[in-house]
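Residue numbers (our numbering), protein chains in the order written: chain A, 1 to 212; chain B, 1 to 212; chain C, 1 to 212; chain D, 1 to 212. Think of the CB as a built atom: it goes at the ideal place given N, C-alpha and C, for glycine as much as any other residue. Working notes, structure below.
4 protein chains.
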Amino acid sequence: MPKTRVEAFSDGVMAVAITLLALDLPIPDPASTPHLAHTLAKQWPSFAAFAVSFMTIGVVWINHHAMLRRIGRVDYATLMLNLLLLLFICLVPFSTALLARYLTESHGAQFAAAIYGASLLLMSCGFYAIQRHVLSTRTELLRGGMSPELRAQVLRRNRAGLFPYAIATAAAALSAYLSYGICLAVAVYYAIPRTTSDVMDDDLAEQHDPPG
Amino acid sequence: MPKTRVEAFSDGVMAVAITLLALDLPIPDPASTPHLAHTLAKQWPSFAAFAVSFMTIGVVWINHHAMLRRIGRVDYATLMLNLLLLLFICLVPFSTALLARYLTESHGAQFAAAIYGASLLLMSCGFYAIQRHVLSTRTELLRGGMSPELRAQVLRRNRAGLFPYAIATAAAALSAYLSYGICLAVAVYYAIPRTTSDVMDDDLAEQHDPPG
Amino acid sequence: MPKTRVEAFSDGVMAVAITLLALDLPIPDPASTPHLAHTLAKQWPSFAAFAVSFMTIGVVWINHHAMLRRIGRVDYATLMLNLLLLLFICLVPFSTALLARYLTESHGAQFAAAIYGASLLLMSCGFYAIQRHVLSTRTELLRGGMSPELRAQVLRRNRAGLFPYAIATAAAALSAYLSYGICLAVAVYYAIPRTTSDVMDDDLAEQHDPPG
Amino acid sequence: MPKTRVEAFSDGVMAVAITLLALDLPIPDPASTPHLAHTLAKQWPSFAAFAVSFMTIGVVWINHHAMLRRIGRVDYATLMLNLLLLLFICLVPFSTALLARYLTESHGAQFAAAIYGASLLLMSCGFYAIQRHVLSTRTELLRGGMSPELRAQVLRRNRAGLFPYAIATAAAALSAYLSYGICLAVAVYYAIPRTTSDVMDDDLAEQHDPPG
Numbered sequence: 001m002p003k004t005r006v007e008a009f010s011d012g013v014m015a016v017a018i019t020l021l022a023l024d025l026p027i028p029d030p031a032s033t034p035h036l037a038h039t040l041a042k043q044w045p046s047f048a049a050f051a052v053s054f055m056t057i058g059v060v061w062i063n064h065h066a067m068l069r070r071i072g073r074v075d076y077a078t079l080m081l082n083l084l085l086l087l088f089i090c091l092v093p094f095s096t097a098l099l100a101r102y103l104t105e106s107h108g109a110q111f112a113a114a115i116y117g118a119s120l121l122l123m124s125c126g127f128y129a130i131q132r133h134v135l136s137t138r139t140e141l142l143r144g145g146m147s148p149e150l151r152a153q154v155l156r157r158n159r160a161g162l163f164p165y166a167i168a169t170a171a172a173a174l175s176a177y178l179s180y181g182i183c184l185a186v187a188v189y190y191a192i193p194r195t196t197s198d199v200m201d202d203d204l205a206e207q208h209d210p211p212g
Numbered sequence: 001m002p003k004t005r006v007e008a009f010s011d012g013v014m015a016v017a018i019t020l021l022a023l024d025l026p027i028p029d030p031a032s033t034p035h036l037a038h039t040l041a042k043q044w045p046s047f048a049a050f051a052v053s054f055m056t057i058g059v060v061w062i063n064h065h066a067m068l069r070r071i072g073r074v075d076y077a078t079l080m081l082n083l084l085l086l087l088f089i090c091l092v093p094f095s096t097a098l099l100a101r102y103l104t105e106s107h108g109a110q111f112a113a114a115i116y117g118a119s120l121l122l123m124s125c126g127f128y129a130i131q132r133h134v135l136s137t138r139t140e141l142l143r144g145g146m147s148p149e150l151r152a153q154v155l156r157r158n159r160a161g162l163f164p165y166a167i168a169t170a171a172a173a174l175s176a177y178l179s180y181g182i183c184l185a186v187a188v189y190y191a192i193p194r195t196t197s198d199v200m201d202d203d204l205a206e207q208h209d210p211p212g
Numbered sequence: 001m002p003k004t005r006v007e008a009f010s011d012g013v014m015a016v017a018i019t020l021l022a023l024d025l026p027i028p029d030p031a032s033t034p035h036l037a038h039t040l041a042k043q044w045p046s047f048a049a050f051a052v053s054f055m056t057i058g059v060v061w062i063n064h065h066a067m068l069r070r071i072g073r074v075d076y077a078t079l080m081l082n083l084l085l086l087l088f089i090c091l092v093p094f095s096t097a098l099l100a101r102y103l104t105e106s107h108g109a110q111f112a113a114a115i116y117g118a119s120l121l122l123m124s125c126g127f128y129a130i131q132r133h134v135l136s137t138r139t140e141l142l143r144g145g146m147s148p149e150l151r152a153q154v155l156r157r158n159r160a161g162l163f164p165y166a167i168a169t170a171a172a173a174l175s176a177y178l179s180y181g182i183c184l185a186v187a188v189y190y191a192i193p194r195t196t197s198d199v200m201d202d203d204l205a206e207q208h209d210p211p212g
Numbered sequence: 001m002p003k004t005r006v007e008a009f010s011d012g013v014m015a016v017a018i019t020l021l022a023l024d025l026p027i028p029d030p031a032s033t034p035h036l037a038h039t040l041a042k043q044w045p046s047f048a049a050f051a052v053s054f055m056t057i058g059v060v061w062i063n064h065h066a067m068l069r070r071i072g073r074v075d076y077a078t079l080m081l082n083l084l085l086l087l088f089i090c091l092v093p094f095s096t097a098l099l100a101r102y103l104t105e106s107h108g109a110q111f112a113a114a115i116y117g118a119s120l121l122l123m124s125c126g127f128y129a130i131q132r133h134v135l136s137t138r139t140e141l142l143r144g145g146m147s148p149e150l151r152a153q154v155l156r157r158n159r160a161g162l163f164p165y166a167i168a169t170a171a172a173a174l175s176a177y178l179s180y181g182i183c184l185a186v187a188v189y190y191a192i193p194r195t196t197s198d199v200m201d202d203d204l205a206e207q208h209d210p211p212g
């Protein structure tokens with residue numbers, strides 16, 4: 001089975017999920033809002049959670065893109081693992097809204113932060129599961145041109161990318177702000193050009209692969 | 001009429017429908033939620049219904065993918081049947097939200113479960129209608145390479161796939177949980193790699209068809 | 001400018017708009033719903049309006065598809081007219097929700113039906129405006145193979161398609177049900193295979209055009 | 001990294017964002033609406049804000065289209081800048097809803113108008129940032145065929161396009177209506193065929209580039 005429609009469907013789900021994040025931004029009721037600027041400022045967690053989730057899903061999209069470029073065709077297990085990844089991605093608008101609503105509350109903030117960290121962790125695990133399936137279990141799905149060393153290296157980096165989210169989830173037991181801060185730091189880290197291993201590998205591969 | 005935009009439009013509708021499922025996940029109001037974890041746990045039907053609907057639409061997408069791969073071009077009847085299938089898919093977020101809201105209620109749970117089972121049944125019937133149109137009525141739309149035996153086999157398997165949902169719909173008269181449990185079992189069954197006939201046929205076809 | 005991304009963007013907007021229609025289907029509050037079946041039955045206008053709008057946007061998508069197939073490239077005016085068409089399509093979920101909410105009310109039903117008819121009329125006018133631009137003003141955008149007679153015929157049929165919606169809009173002054181009934185009749189008419197002129201022309205063109 | 005999926009993902013996000021704009025159109029509650037026409041007329045800012053935002057995102061989509069056509073491949077910085085542009089686009093439904101809700105209120109109108117103007121300004125800056133990256137910093141990403149003069153000219157025009165939105169944002173300090181009026185004027189200006197520099201450049205380029 002070729003990969004074209006996997007790309008199209010995944011792009012669609014990720015595009016909708018990333019755009020739905022903004023649906024939760026607060027529109028205060030004019031009747032009870034004497035100072036709009038003040039009211040919006042108090043709801044800063046909504047904007048902060050939106051920004052981190054948007055960039056995180058965005059980076060997953062970029063890595064998903066790079067992953068599918070290495071693949072020539074997909075099997076049924078790849079499709080189901082991809083579906084699972086998309087399911088985890090679709091949970092992010094929910095966990096984002098939960099964090100936004102509870103981050104500054106006296107009750108529930110730590111649990112909401114744990115859910116948020118866990119949803120990003122699940123998303124990363126979902127992505128890692130596809131990578132491992134393709135790069136280690138069913139390498140015949142690859143388009144070729146990847147040495148075993150390079151494959152092991154990509155997987156090692158993917159595995160390393162799980163730790164920050166595991167720590168963020170655990171850190172929620174200490175402080176919701178700490179947990180959110182770790183997720184923010186990861187998003188900023190990936191946003192700086194040339195730090196994502198996947199895209200670098202991809203650029204390397206580019207030099208060996210025929211165009212197209 | 002070629003099939004490229006049918007794929008694009010169908011992928012779009014299914015991607016939006018599958019992502020909208022998550023819009024119904026509950027964000028409890030902090031003011032009336034002393035224990036967030038407890039409140040969310042009580043709303044487990046929302047998460048359970050979300051997971052089953054997500055995987056079910058996902059499998060329909062995979063089968064839709066496999067179906068269109070066999071087709072070379074589409075006629076007006078295929079377009080209208082496909083539109084009908086997409087209409088039934090768009091009803092799933094509604095029936096999912098209904099089930100989620102009523103599954104643990106004393107009133108309405110069985111009716112909601114019947115609606116849920118019926119919406120999955122309609123979706124399967126919509127898919128079967130396209131398959132029968134293409135594999136039995138208008139075989140000239142096929143790309144070729146499928147023997148009458150293989151076509152009959154695919155249709156037989158598709159027909160067999162309707163029964164569990166018919167049973168789930170009827171079982172709602174006995175118990176909403178039983179009805180939901182059958183839908184869950186079907187989703188789990190399809191999620192295990194190598195059990196969907198369509199994709200296996202597709203892989204068989206792959207060996208005979210030219211690439212592309 | 002080539003037309004590929006016009007297709008992709010238009011498919012996206014139409015796919016989202018058609019799926020959002022289902023967001024307005026009613027999920028009654030369990031606390032105030034002793035009989036779910038009864039409550040849902042009373043809200044039949046939501047389901048009726050959903051079905052008509054879904055099929056109507058679906059037919060516009062099919063015709064849009066057929067139109068773009070005749071075109072080789074697009075100019076800026078085509079892009080802006082297409083954007084206007086998409087704007088009118090995006091109004092349909094709004095006018096559908098309005099009709100669904102007011103059809104059985106004692107106040108506002110006729111106005112809501114007029115808005116609904118007018119939104120379908122606007123959508124058809126937007127489609128006709130692109131057709132006229134391409135088939136009569138800037139025929140150099142066509143891929144070739146269409147005689148002036150065929151172009152005039154397609155435009156004549158498109159123009160004729162505006163009348164039912166104009167009548168439906170005007171009929172709202174008499175009765176909201178009559179107005180809705182006309183829109184329903186048009187949707188059923190187009191849903192029957194082989195009655196849409198566009199697709200027939202398209203199939204004729206198929207015999208003269210090179211594949212691809 | 002090739003640009004195909006950047007197009008697909010960007011088209012998806014823009015298609016969803018532009019369609020979500022209509023979600024905020026008001027459906028008055030029948031119980032408290034004796035005169036539907038009157039109530040809707042009073043909520044004209046919702047329709048006015050919807051129209052301007054729709055056409056503005058639409059023109060960004062057209063320019064995005066023209067920009068990507070000039071590019072042969074993308075680097076990681078282009079991907080991140082594009083993600084930032086999409087983030088700003090996703091903020092427009094929020095700022096549109098805010099303007100719609102507050103434009104005719106005695107409190108908050110000017111702040112809402114400033115947010116609205118600022119969100120369109122951010123969107124334009126995001127677009128300009130990609131253009132500058134591609135047309136001036138990393139010209140090796142271009143498909144070729146653009147003289148330094150043409151590149152400087154396109155950038156100059158893009159920079160000029162930032163001013164109206166900066167003025168609209170500042171003008172909110174004087175009057176929310178003035179601020180909105182400037183945004184409306186810009187949308188109308190771009191909607192008139194043959195005034196957008198990008199598409200003209202693109203048409204020029206068309207004569208030099210090989211088809212495809």
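1. Locate the alpha helix (DSSP H) running through V16(D), then write down its first and last residues.
2. Looking at C-alpha atoms only, which residue of V6(B), A112(B), D75(B) is the closest neighbour of A168(B)?
3. Just the chain A side, please: which residues come within less than 7 Å of M146(B) by C-beta, in chain order?
4. Here's the rule I'm using: 16 or more other beta-carbon atoms within 10 Å means buried, otherwise exposed. How should Y116(D) be labelled?
5. Using 8 Å as the limit for Cβ to Cβ distance, is L23(D) near chain C?
6. Hey, out of A97(C), E140(C), H107(C), P45(C), whose CA is closest to T78(C)'s CA?
7. Please identify, using Cβ separations under 8 Å, the residues of the stretch 83-110 of chain D that lie next to chain A, in order along the chain.
8. List the whole-angstrom C-beta distance separating L121(A) from Y190(A), where the pair is believed to meet the contact cut-off of C-beta under 8 Å.
9. Does chain A have any CB closer than 8 Å to the CB of T56(B)?
10. Can you say whether T137(D) is buried or exposed, counting buried as having 16 or more other CB atoms within 10 angstroms of its CB?
11. In the DSSP assignment, the alpha helix (DSSP H) including R101(A) goes from what residue to what residue?
12. Give me the Cα-Cα distance between L23(B) and P26(A), rounded to the nearest whole angstrom.
13. Using the beta-carbon of each residue, which ones in chain E are nearer than 8 Å to G12(A)?
14. P34(C) versus chain B: which residues are under 9 Å apart at the beta carbon?
15. Could you list which residues in chain B have their beta carbon closer than 7 Å to that of R5(A), in chain order?
16. Check whether the Cβ of M123(B) lies closer than 8 Å to any Cβ atom in chain C.
17. Could you give the DSSP three-state label for M130(D): helix, strand or coil?
18. By DSSP, does I115(B) sit in helix, in strand, or in coil?
19. Could you work out which residue in A37(D), A15(D), E7(D), I71(D) is closest to A114(C) when comparing CA atoms only?
20. I'd like to know whether the C-beta of I62(B) is nearer than 8 Å to at least one C-beta of chain A.
21. My guess is that L155(C) and L135(C) are in contact by the Cβ rule of under 8 Å, so how many angstroms apart are they, rounded?
22. Consult DSSP for L184(D) and reduce its assignment to one of helix, strand or coil.
23. Name the chain B residues whose beta carbon is nearer than 9 Å to that of V52(A)?
24. Taking E7(B) as the reference, which of R69(B), V52(B), I89(B), F54(B) has the closest Cα?
25. Going by Cα to Cα distance, which pick from C183(A), D11(A), I182(A), Q43(A) is closest to Y102(A)?
26. Over the uninterrupted alpha helix (DSSP H) stretch that includes G58(D), give me the two end residues.
27. Less than 8 Å between the CB atoms is what I'm expecting for P34(C) and H107(B), so what's the real figure, rounded?
28. Quick one: what's got a C-beta closer than 7 Å to S53(D)'s C-beta in the same chain, skipping five residues either side?
29. Any idea which residues DSSP pairs H162(D) with across the strands?
30. Against chain B, with Cβ distances strictly below 8 Å, would A37(C) count as a contact?
31. Is A17(C) buried or exposed, if buried means 16 or more other CB atoms sit within 10 Å of its CB?
32. State the Cα-Cα distance for the pair A170(B) and L178(B), rounded to the nearest angstrom.
33. Please name the residue in V60(A), A176(A), N158(A), Q153(A) whose C-alpha comes closest to that of E105(A).
34. Chain A partners of T78(B), CB-CB under 7 Å?
35. Name the chain B residues whose beta carbon is nearer than 9 Å to that of L20(A)?
36. Within 10 angstroms of its Cβ, does R159(B) collect 16 or more other Cβ (buried), or is it exposed?
Straight from the coordinates:
1. 4-20
2. A112(B)
3. Under the 7 Å cutoff, chain A gives no residues; its nearest Cβ is about 16 Å from M146(B).
4. Counting C-beta atoms within 10 angstroms of its own C-beta, Y116(D) has 16 or more neighbours from the protein chains shown and is therefore classed as buried.
5. By this cut-off, L23(D) is an interface position.
6. E140(C)
7. L83, L86, L87, C90, L91, P93, F94, A97, L98, R101, Y102, E105, H107, G108
8. 15 Å between Cβ atoms; not a contact.
9. no
10. exposed
11. Note, R101(A): alpha helix (DSSP H), 76-102.
12. 16 Å
13. The structure shown contains no chain E; its protein chains are A, B, C and D.
14. H107, G108
15. E7, D11, H65
16. no
17. Here residue 130(D) turns out to be Ile, not Met, going by the sequence shown. Looking at I130(D) - three-state DSSP - the assignment turns out to be helix.
18. helix
19. A37(D)
20. yes
21. Separation of the CB atoms of L155(C) and L135(C) is rounded to 5 Å, and the pair is thereby assigned contact status at 8 Å.
22. helix
23. In chain order: nothing, as chain B lies at least about 17 Å away.
24. R69(B)
25. Q43(A)
26. Bounds of the alpha helix (DSSP H) holding G58(D) are 44-70.
27. Cβ-Cβ separation between P34(C) and H107(B): approximately 6 Å, consistent with a contact (criterion under 8 Å).
28. L21, V92, T96
29. Before going further, note that residue 162(D) is Leu rather than His in the sequence given. Under DSSP, L162(D) forms no beta bridge with any residue.
30. yes
31. buried
32. 10 Å
33. A176(A)
34. Under the 7 Å cutoff, chain A gives no residues; its nearest Cβ is about 17 Å from T78(B).
35. T19, L20, A22, L23
36. By the neighbour-count criterion, in which 16 or more other beta carbons inside 10 Å mark a residue as buried, R159(B) falls on the exposed side.
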